[in-house]
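Let me begin by presenting the structure, written as structure tokens, before commenting on it.
Residue numbers (our numbering), protein chains in the order written: chain A, 1 to 393; chain B, 394 to 652.
Quick look at the structure:
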């Protein structure tokens with residue numbers, strides 16, 4: 001069998017699982033409805049007519065399943081072939097004389113004609129579902145695939161390509177009501193990705209990383225466990241902390257989240273629904289950002305003196321420590337400001353701008369975690385979270 | 394060299410350290426002695442960079458702690474701190490843990506592997522090296538924590554009560570000999586705390602006696618004997634310097650008196 005179809009068609013187990021679930025979702029409804037109609041033979045249509053009717057109209061659950069499979073296919077197609085997402089493959093490739101002028105041993109990252117098979121089949125199935133356009137599965141698959149490539153660009157240090165891809169994907173989302181235009185933007189995004197892939201593989205093996213966090217390692221429990229060294233070896237480690245994000249990346253990510261929020265909310269046709277969604281979104285993002293920022297800085301790093309000590313010594317504010325609360329307080333201020341300005345400005349502008357500012361503060365406002373970790377006026381303690389994997393002697 | 398300058402620390406209202414000044418030279422083994430709750434651990438923690446003192450500062454080899462990320466990371470490469478109650482990664486084997494700590498301090502992998510093997514042998518842990526730490530006894534956990542400090546080969550070691558925590562006599566002896574050798578022949582600077590004088594008498598180049606957050610005396614055992622006019626074991630010297638109240642309390646107890 002040709003290598004490309006073998007690798008670009010979904011694994012057999014996933015096709016079987018999809019067909020099984022799809023039939024499981026669609027069939028019982030048909031049976032229930034038919035058995036109901038049998039009670040009233042006078043109004044019941046002939047069986048062939050009934051089946052034809054049902055073949056022409058699918059359920060909402062079936063539609064969701066099609067969308068999920070389309071997402072899965074896009075993710076699968078991107079992750080399976082990109083060495084960045086497969087550490088073993090990447091490490092092996094680094095030890096071979098492979099260069100970008102040669103084909104990738106496991107198959108190409110870029111799309112091949114066989115990649116049309118799954119979206120076309122899903123598109124045909126989508127014909128049964130009135131709310132899903134025929135191009136729907138193809139656009140969803142493409143968006144998921146492009147998102148994976150975008151993440152790959154971030155991860156391999158090609159920020160400009162990563163940012164462009166995610167910006168254009170936001171545009172695809174914004175153009176959801178116009179499938180043809182959305183498909184056009186998706187195609188344009190793909191061409192950006194092709195350029196990005198050329199640059200990406202030209203820089204192979206990738207030494208530079210976007211952040212010091214290896215995203216794939218976050219989900220690797222074994223690696224997390226291997227990193228666990230207990231107290232105080234980890235806290236006093238001479239290796240710079242891994243929790244940090246370059247300021248430019250923080251800016252890009254904040255911009256993207258604001259843009260995506262706008263793109264999604266702009267598609268909500270009902271003004272009240274839109275206002276509710278945006279209101280909840282920036283409040284939730286604000287609260288979560290402030291809390292996470294606080295937790296990251298406080299966890300394992302207590303104030304130099306206790307609260308009682310502050311009161312008794314009349315040192316209510318300790319600038320060297322309390323500086324870490326400036327960012328969460330600024331986030332609260334931005335949320336409050338957004339609340340005030342929503343009366344005077346369109347919420348569709350206020351909320352995305354507010355979210356952009358909230359995240360910009362959360363990511364970029366000083367002190368940086370590296371500075372705080374090494375020079376902050378705090379008292380290090382064994383963090384509570386460590387008790388999961390460490391034990392006090 | 395460790396230089397502690399005008400160190401003041403209090404967690405609440407009561408001062409734990411009061412204007413502490415201390416200089417420990419390279420290759421010197423200094424023991425901080427004193428009753429419980431007098432500030433030994435806090436002083437060691439300040440030297441280790443675990444806490445930022447309210448006043449004063451600590452310098453290690455001329456670099457001031459927490460003055461800049463670069464300085465702090467450079468200091469951390471040269472200093473290992475072992476608290477009295479470290480937290481150990483219980484799911485990992487002793488060998489894995491030691492290898493990780495050794496590599497963290499930038500040692501060559503082959504060198505670390507060899508060093509870990511020798512340390513496990515030294516502390517009679519070879520048979521347990523490949524078992525998860527959760528299966529270790531308290532004494533064995535203490536030993537593996539000590540091994541973790543030693544495997545770093547850091548030129549400055551700060552050890553909080555290394556002789557406590559269930560070490561067996563063989564472990565105590567091994568640790569004493571290793572520390573002596575590190576200080577004398579490898580010029581490793583060692584500061585350790587201990588509440589028991591007997592254990593450290595043969596070990597300490599100088600003894601710092603910490604009482605009520607202050608350095609009451611800081612000198613060689615011989616000089617401390619001379620100052621106190623005692624010629625017996627170090628414990629007698631310490632009794633004169635810091636346990637005089639304890640002797641009075643014992644006398645009162647047996648005489649049935651209350652203060």
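Positions of the beta carbon are idealized from the N, C-alpha and C atoms, including for glycine.
With respect to the C-alpha of residue 23 of chain A, the residue from A:155, A:350, A:58, A:40 having the closest C-alpha is A:58. For residue 228 of chain A, the nearest CB of chain B lies under 8 Å from its own CB, placing it at the interface with that chain. Residue-level contact by beta carbon fails for residue 314 of chain A and chain B, as no gap is shorter than 8 Å. Taken in chain order, no unbroken stretch of beta strand (DSSP E) lies wholly in the segment 242-322 of chain A with a span of 3 residues or more.
When the alpha-carbon of residue 381 of chain A is set against those of B:400, B:413, B:608, B:442, the nearest one is in B:442. The segment 22-73 of chain A is shown to contain whole alpha helix (DSSP H) runs of 4 or more residues at 47-56, in chain order. Look at the beta carbons and you see the segment 299-309 of chain A touching the segment 404-415 of chain B: at least three pairs across the two are nearer than 8 Å.
With fewer than 16 other Cβ atoms from the protein chains shown falling within 10 Å of its own Cβ, residue 620 of chain B counts as exposed. Under the DSSP definition of a beta bridge, residue 11 of chain A lacks any partner. Residue burial annotation: residue 193 of chain A is buried, with at least 16 other C-beta atoms found within 10 angstroms of its C-beta. Less than 8 Å separates the beta-carbon of residue 437 of chain B from that of residue 425 of chain B. According to the DSSP assignment, residue 339 of chain A belongs to the alpha helix (DSSP H) that extends over 326-341.
At a Cβ-Cβ threshold of 8 Å, residue 497 of chain B and residue 245 of chain A do not count as neighbours. Secondary structure within the segment 84-172 of chain A: the alpha helix (DSSP H) runs of 4 or more consecutive residues, fully enclosed, are 87-94, 117-126, 136-155 (chain order). Rounded to the nearest whole angstrom, the C-alpha separation of residue 128 of chain A and residue 96 of chain A is 48 Å.
In the displayed model, residue 402 of chain B falls within a strand according to three-state DSSP. Counted as a single uninterrupted DSSP element, the stretch harbouring residue 493 of chain B is not any beta strand (DSSP E) but the alpha helix (DSSP H) occupying residues 487-497. Under the rule that a run must span 4 or more residues, the alpha helix (DSSP H) segments found entirely inside the segment 495-532 of chain B read 502-515. In terms of Cβ geometry, residue 185 of chain A and residue 172 of chain A form a close pair [threshold 8 Å]. When A:356, A:298, A:174, A:202 are compared, the shortest CA-CA separation from residue 139 of chain A is found for A:174. Under the Cβ distance rule, residue 305 of chain A counts among the residues neighbouring chain B, one pair being separated by less than 8 Å. Assigned with DSSP and collapsed to three states, residue 369 of chain A falls in helix. Residue 603 of chain B is positioned such that its CB atom lies closer than 8 Å to that of residue 431 of chain B. Contact between the segment 513-532 of chain B and the segment 484-495 of chain B is established, with three or more Cβ pairs separated by less than 8 Å. Taking residue 464 of chain B as the centre and dropping the five residues before and after it, the same chain places the C-beta of 456, 457 closer than 7 Å to its C-beta, in chain order. Within chain A, no residue has its beta carbon less than 7 Å from that of residue 647 of chain B; the closest one is some 37 Å off. Residue 396 of chain B is bridged by DSSP to B:416, B:452. Taking residue 130 of chain A as reference, the option from A:166, A:99, A:91, A:63 with the minimal CA-CA separation is A:63. Where residue 599 of chain B is concerned, the enclosing beta strand (DSSP E) starts and stops at 599-604. Within the same chain, 416, 452 come within 6 Å of residue 396 of chain B by CB-CB distance, once the 5 residues on both sides are set aside. If you draw a straight line from the Cα of residue 44 of chain A to the Cα of residue 258 of chain A, it comes to about 53 Å. In this structure, DSSP gives residue 641 of chain B a helical state, which the three-state scheme calls helix. Proximity of the segment 351-368 of chain A to the segment 252-270 of chain A meets the contact definition, three or more beta-carbon pairs being nearer than 8 Å. Residues are counted here when their Cβ sits less than 7 Å from a Cβ of chain A; for the segment 461-482 of chain B these are 461, 462, 465, 466, 469, 470, 474, 476, 478, 479, 480, 481, 482, given in chain order. Using a Cβ-Cβ distance cut-off of 8 Å, the segment 310-329 of chain A and the segment 270-288 of chain A are not in contact, since fewer than three pairs of beta carbons, one from each stretch, lie closer than that value. For a cut-off of 8 Å, the C-beta gap from residue 538 of chain B to residue 575 of chain B is around 17 Å, too long to register as a contact.
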